[in-house]
Amino acid sequence: MAVTELVIGALVRNELLLKSCRQWLREADRFRLEVIPLNPESLFDALQERWEDLDGVLIEQGALDRHGLDQLRTQGMLLPAVVLGDVTGEVDYHDAEVHLQADQLEQLPYNLDAAVLRFLERSQAKGRSPS
C-alpha cells in the first residue's frame with residue numbers, strides 16, 4: 028500500500044533553516060513542504076488558499092508576531108505544528124505544538140509525527156481543536 032505524503036506548510040523566514048527542513052523531510056520520503064510567503068499583507072489569504080490541503084505547519088519562532096498567532100487561533104486555523112527555535116516551555120501557537128531546536132532538525136520527521144498525534148489526542152480529549 029502506498030504511503031500518502033503529508034503536506035506541511037512552512038512559515039519560515041530563514042532560508043538556511045528552510046533548506047535544512049526540506050532536506051530532512053525529503054529523506055523521510057513522506058512529507059511535502061509548501062512554503063507560505065510571510066508577507067504580512069497577504070499571509071492569511073495565502074494560508075486560507077492552501078488551508079484545506081495542509082496537514083501540518085512548521086513555524087519558525089519569530090516568523091509570526093503575537094498578533095499573527097492570535098489571529099490564526101481566533102479564526103480557528105489550527106493544525107499540527109512544530110515550532111522551530113528555542114525550547115522555552117511557552118506555547119506559541121496552541122497547546123498541542125511540538126518544539127524543536129534548529130540544531131536538531133534530523134528529528135523533524137519524528138517531531139511532525141508527534142505533533143500530529145498530540146494534536147489528534149488533544150482534539151479528542153477536548154472534543155474540539157486544541158487552543
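The C-terminal residue of the sequence shown carries number 158 in this note's numbering, and the numbering is unbroken. Beta carbons: idealized from backbone N, C-alpha and C, even for Gly.
| Asked | Found |
| --- | --- |
| Residue of V118, A90, G112 and A123 minimising C-alpha distance to Q131 | G112 |
| Neighbour-count burial assignment, L91, 16 or more Cβ in a 10 Å radius | buried |
| Proximity test, Cβ basis, 9 Å: T31 and chain B | Reference to chain B is not applicable here, since this structure consists of a single protein chain. |
| Inter-residue Cα distance where the pair is D119 and G36 | 16 Å |
| Alpha-carbon to alpha-carbon, D80 and C15 | Only positions 28 to 158 of the chain appear in the structure, and residue 15 is not among them; the question remains open. |
| Integer Cβ distance of R100 from V125, believed to fall under 8 Å | So it is not a contact: roughly 17 Å between Cβ atoms. |
| G95 beta carbon near the ligand FAD (any heavy atom closer than 8 Å) | You won't find the ligand FAD in this model; it holds no ligand whatsoever. |
| E20 - containing alpha helix (DSSP H), residue span | Any answer about residue 20 is impossible in this case: the structure gives the chain only from 28 up to 158. |
| Contact check, L106 vs D82, beta carbons under 9 Å | yes |
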